[in-house]
Each structure stands twice: as structure tokens, then as C-alpha cells.
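Residue numbers (this note's numbering), protein chains in the order written: chain Z, 2 to 108; chain V, 3 to 129. For every residue, glycine included, the Cβ atom is placed at its ideal position computed from N, Cα and C.
What follows is the structure, encoded as C-alpha cells:
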């Protein structure tokens, strides 16, 4: 099973600051890595597919990069509505797995 | 509007059974692969099961293999999860999630990200 490890687990950030969340895979997964946002008491929402491909309707301040084992989700300028948990997810091999999540709090 | 609505959750004793349903609307259900994903209280996301558009291909997480059965009825636009021999560790919100599908030049293929999620249904296994 491929283990995804996110860092940090928690981040408290001031609005307009840049946020960087990393996801490291226990083995190479190519670009089969996706990012989700889950706001409190809501279902997850797909933000980025295949490491860096944008999703229609997602604000342009969200971007992704990486390949192989190391991936990054970047929020270029944090807004108050971005307070949420963020999860990476690999679809390279079964069982599909998620990272443990990174909670982003607004200062 | 594209929508997934889960139902069937509730309180069940250890060893008991429960059947979850997911009603799809706003898209051609029979052309999409589907999944169940769960989230234990205060915890992260765990993929549970996958079913192809026709129902011919099915996968399970090891944690539920042999106890859970995924199925679908394309005529009823519905996805199901039969859960047997339930354990306390199965306590979670269960989401149905659609597999992202990309179409170009007349061909379509799945991208194995989850683009549409239901609101979830809570399953509590406790005596």
C-alpha cells in the first residue's frame, strides 16, 4: 500500500499569505496525485487533478506541482474562505489512499 | 444539477448489517465509475470500494473485503453498499463519490480522481 504523508498537519495563516502543503508518497506514483479541500461539515471538493491540472470552477490561487514522490499544493494568497482541511490522494495503484490531511486555520 | 444523495445510515450493533444507497441525478449515471469513501469521526478520508460503469469490475479496501459488497442499478441511477459483520471501526460518514471522466475527440476515459461527492450518511456501530 502506498502511504501518503502530508506536512504540516496544521497551519495557522494570515489572509493574503502564501500557503504551501506538501505530500510525500512512499513510492513513485508518477503524477497520479489529486488534491481535495474539505470545509467543516462539508463533503470534500476536488481542487487539482494529476498533480498540477486545474479543475473548472476552482479559483486560480490554488495550484499544484510535483511528480514521483514529492508533491505540493500552493494557495498563492489565502482568503478567509480557504479555512479547511486539505487532502492528497493517489490513484497510481490499489488500494487508493489519502494523506492524513492538513488543517489550515485563518489567523 | 449534478447530485449524489446517500441514505441508509444509522445505529447498528457489532456484527449487524446495513445497506447504504446513493441516488444520482443530473448526469448519465450509467457511464460513470463510482466509489464509496468513508471518514471516521475527526479523522481523514479512506477509500472503501470502486465499481466500474457496467458493474463488471469491483475493488475493495482490505479493511472491508469479504464483509462489504458494492453494487449498482443503472436503470435506477443508484449505487449501493451492503455492509455485513459490522465492527466498531466501521463507524464513519460514508460518502459516494463519482470518478472524474474526461472526454476528447469522441473518446472518454476515467481519471480516477473523485469529482462529485454526496453529503454523506453516518454509520455508527455500537452496542
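Endpoints, beta strand (DSSP E) assigned at residue 82 of chain Z: First-last for residue 82 of chain Z: undefined, no H or E at that position.
Using a Cβ-Cβ distance under 9 Å, would residue 32 of chain Z count as near chain V? no
Compute the Euclidean distance between the alpha carbons of residue 97 of chain Z and residue 32 of chain Z, then round it to the nearest angstrom. 14 Å
Taking Cβ-Cβ distances shorter than 7 Å, what residues in chain V pair up with residue 64 of chain Z? Within chain V, no residue has its CB atom less than 7 Å from the CB of residue 64 of chain Z, the nearest being about 16 Å off.
Below 8 Å on the Cβ atoms is my contact criterion, and I expect residue 10 of chain Z with residue 104 of chain Z to pass it. Report the Cβ-Cβ distance as a whole number of Å. Confirmed, about 7 Å.
Quick one: complete beta strand (DSSP E) runs, 3+ long, within the segment 18-99 of chain Z? 20-26, 34-39, 46-50, 63-68, 71-76, 85-91
Counting Cβ pairs, one atom from each stretch, are 3 or more of them under 8 Å apart for the segment 80-93 of chain V and the segment 79-92 of chain Z? no
Rounded straight-line distance, which links the Cα of residue 126 of chain V to that of residue 74 of chain Z: 33 Å
Should residue 121 of chain V be flagged as near chain Z, meaning a C-beta pair shorter than 9 Å? yes
Are the C-beta atoms of residue 35 of chain V and some chain Z residue less than 9 Å apart? It does not: the Cβ of residue 35 of chain V has no partner Cβ on chain Z nearer than 9 Å.
Output the residue ranges of the beta strand (DSSP E) runs that lie fully inside the segment 45-79 of chain V and measure 3 residues or longer, sorted by chain position. 47-53, 60-62, 70-75
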